[in-house]
Amino acid sequence: MTRHFLRDDDLSPAELAEVLELAAGLKTDRFGARPLDGPQTVAVFFDKTSTRTRISFATGIADLGGMPLIIDSGASQLGHKESVADTARVLERQVAAIVWRTGAQSGLEEMAEHSRVPVINALSDDFHPCQLLADLLTIREHKGTLAGLVMSYFGDGANNMAHSYALAGANAGMHVRIATPAEYQPNAGILADAQKLAAETGGSVTVTSVPEQAADDADVLVTDTWVSMGHSAEGRTDANSPFVPFQIGAETLAAAKPGAIVLHCLPAYRGKEITAEVLDGPQSVIWDEAENRLHAQKGLLAWLLAQK
Numbered sequence: 671m672t673r674h675f676l677r678d679d680d681l682s683p684a685e686l687a688e689v690l691e692l693a694a695g696l697k698t699d700r701f702g703a704r705p706l707d708g709p710q711t712v713a714v715f716f717d718k719t720s721t722r723t724r725i726s727f728a729t730g731i732a733d734l735g736g737m738p739l740i741i742d743s744g745a746s747q748l749g750h751k752e753s754v755a756d757t758a759r760v761l762e763r764q765v766a767a768i769v770w771r772t773g774a775q776s777g778l779e780e781m782a783e784h785s786r787v788p789v790i791n792a793l794s795d796d797f798h799p800c801q802l803l804a805d806l807l808t809i810r811e812h813k814g815t816l817a818g819l820v821m822s823y824f825g826d827g828a829n830n831m832a833h834s835y836a837l838a839g840a841n842a843g844m845h846v847r848i849a850t851p852a853e854y855q856p857n858a859g860i861l862a863d864a865q866k867l868a869a870e871t872g873g874s875v876t877v878t879s880v881p882e883q884a885a886d887d888a889d890v891l892v893t894d895t896w897v898s899m900g901h902s903a904e905g906r907t908d909a910n911s912p913f914v915p916f917q918i919g920a921e922t923l924a925a926a927k928p929g930a931i932v933l934h935c936l937p938a939y940r941g942k943e944i945t946a947e948v949l950d951g952p953q954s955v956i957w958d959e960a961e962n963r964l965h966a967q968k969g970l971l972a973w974l975l976a977q978k
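Printed below as a string of structure tokens:
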């Protein structure tokens with residue numbers, strides 16, 4: 671049966687551990703798996719701009735022995751001259767996997783429904799699950815474990831990163847705290863899914879509008895830009911922004927556990943969601959996190975391709 675990766679809970683907790691173990695192995699031995707030898711082609715669609723996702727997928731596919739076929743928005747018929755379903759039926763006969771960075775989650779779901787090769791969500795309006803694989807790999811490297819750790823997210827609780835932190839953290843048995851202004855709450859259905867999953871794995875997912883509560887005794891602090899792709903910047907970045915109290919700075923870090931680590935999926939805006947002092951400081955593991963996009967996605971691809 672073809673497996674797809676459209677949201678963070680598409681992997682069971684045990685499967686998530688397998689993917690992270692594969693990723694760690696491929697970080698140690700970069701060319702240790704060649705499931706795309708041939709080379710086989712992977713179609714990588716970009717409806718939104720990208721730096722890390724584009725480079726890490728292109729490099730990772732090549733490392734696995736394959737050839738990335740990068741298709742930018744407007745350079746294909748996908749979704750306008752040809753339906754998503756018909757595109758899936760054509761692609762499955764030619765490529766080994768499909769990677770798509772897009773807007774609507776429904777498009778990814780339709781692609782997966784009609785594809786017999788794995789479909790991977792490289793970012794949607796609702797989730798960014800590949801980023802969370804890299805984040806979990808990074809946390810595991812620095813903390814030695816995931817289950818039981820407190821991971822606190824600060825910023826827009828209604829965006830794709832908050833949703834993925836809730837689901838992926840719950841899947842890993844972590845205690846996820848989302849600190850966000852009252853008017854930026856996570857999607858209620860996704861939050862309920864995450865809390866149900868956390869109840870099964872021994873973790874928890876809570877939401878607060880008090881950033882100090884989220885920072886208190888946390889093991890991991892994470893944040894994201896105040897303006898996600900596709901959102902208007904109006905009112906989000908000025909001095910009166912509702913996100914100002916949720917900036918990760920020295921005081922936030924001081925409230926966390928000694929040795930807490932800091933993550934940011936990048937691009938970062940120093941002085942907005944995070945201070946330069948913290949981003950460039952000794953507790954930042956942001957550059958390891960950026961590197962791990964490569965290894966995590968290679969682990970995911972290798973795992974998905976082995977499921978047939």
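Residue numbers for the sequence shown follow our numbering, beginning at 671 and rising by one.
Yeah, the Cβ is synthetic: ideal placement off N, Cα and C, and Gly gets one too.
Item	Value
Start-end ranges of the beta strand (DSSP E) lying completely within the stretch 887-934, minimum 3 residues	890-893 and 931-934
Tyr-939 (DSSP reduced to helix, strand or coil)	coil
Buried versus exposed call for Lys-968 [16 or more other C-beta atoms within 10 Å across all chains shown]	buried
DSSP three-state assignment for Tyr-854, whether helix, strand or coil	coil
Identity of the residues DSSP links to Met-737 by a beta bridge	Thr-711
Simplified DSSP assignment, three categories, for Arg-810	helix
Continuous alpha helix (DSSP H) stretch holding His-965: start and end	956-975
Identity of the residues DSSP links to Ser-822 by a beta bridge	Arg-847 and Leu-891
Nearest-angstrom Cβ-Cβ length linking Val-769 and Val-714, presumed shorter than 8 Å	4 Å
Residue interval of the beta strand (DSSP E) (run including Val-880)	Element bounds for Val-880: n/a, residue is neither H nor E.
Exposure of Glu-752, with buried meaning 16 or more beta-carbon neighbours within 10 Å	exposed
Limits of the unbroken beta strand (DSSP E) element including Arg-759	It is not in any beta strand (DSSP E) - Arg-759 instead sits in the alpha helix (DSSP H) that spans 754-761.
Three-way DSSP call (helix, strand, coil) for Arg-722 in this model	helix
Whether Ala-864 touches Val-875 by CB criterion (8 Å)	yes
Exposed unless 16 or more other CB atoms sit within 10 angstroms - verdict on Gly-859	exposed
Unbroken beta strand (DSSP E) run spanning Asn-829, endpoints	Taken as a continuous stretch (DSSP letters only), Asn-829 belongs to no beta strand (DSSP E), as it is neither H nor E.
Outcome for Gln-747 when other beta-carbon atoms lying within 10 angstroms are tallied against a minimum of 16	exposed
Alpha carbon of Ser-794 to alpha carbon of Ser-834, nearest angstrom	11 Å
Residue from Ala-946, His-798, Ala-885 and Lys-927 with nearest C-alpha to Phe-916	Ala-885
Cα-Cα separation between Asp-699 and Asn-841, rounded to whole angstroms	27 Å
Beta-carbon separation (whole angstroms), Phe-701 vs Asp-733, contact threshold 8 Å	6 Å
CA-to-CA distance, Arg-963 to Leu-816, given in whole angstroms	18 Å
Where Asn-910 falls, given that 16 or more other Cβ within 10 Å makes a residue buried	exposed
The stretch 799-818 / the stretch 848-855 touching (three or more Cβ pairs under 8 Å)	no
Ser-720 beta carbon less than 8 Å from that of Arg-786	no
Strand pairing of Asn-791, partner residues [DSSP]	Trp-770
Helix, strand or coil at Asp-742 [DSSP, three-state]	strand
Between the CA atoms of Met-671 and Tyr-939 - distance to the nearest angstrom	42 Å
Simplified DSSP state of Leu-748, which is helix, strand or coil	strand
Span separating the alpha-carbon of Thr-893 from that of Pro-705	34 Å
Supposed contact pair Val-897 and Ile-918 - C-beta distance, whole angstroms, cut 8 Å	Not quite, the Cβ-Cβ distance comes to about 16 Å (not below 8 Å), so this is no contact.
Of the residues Glu-685, Ser-776 and Gly-730, the one placed nearest Leu-676, counting alpha carbons only	Ser-776
Classification of Gln-977 by the beta-carbon crowding that lies within 10 angstroms, buried from 16 upward	exposed
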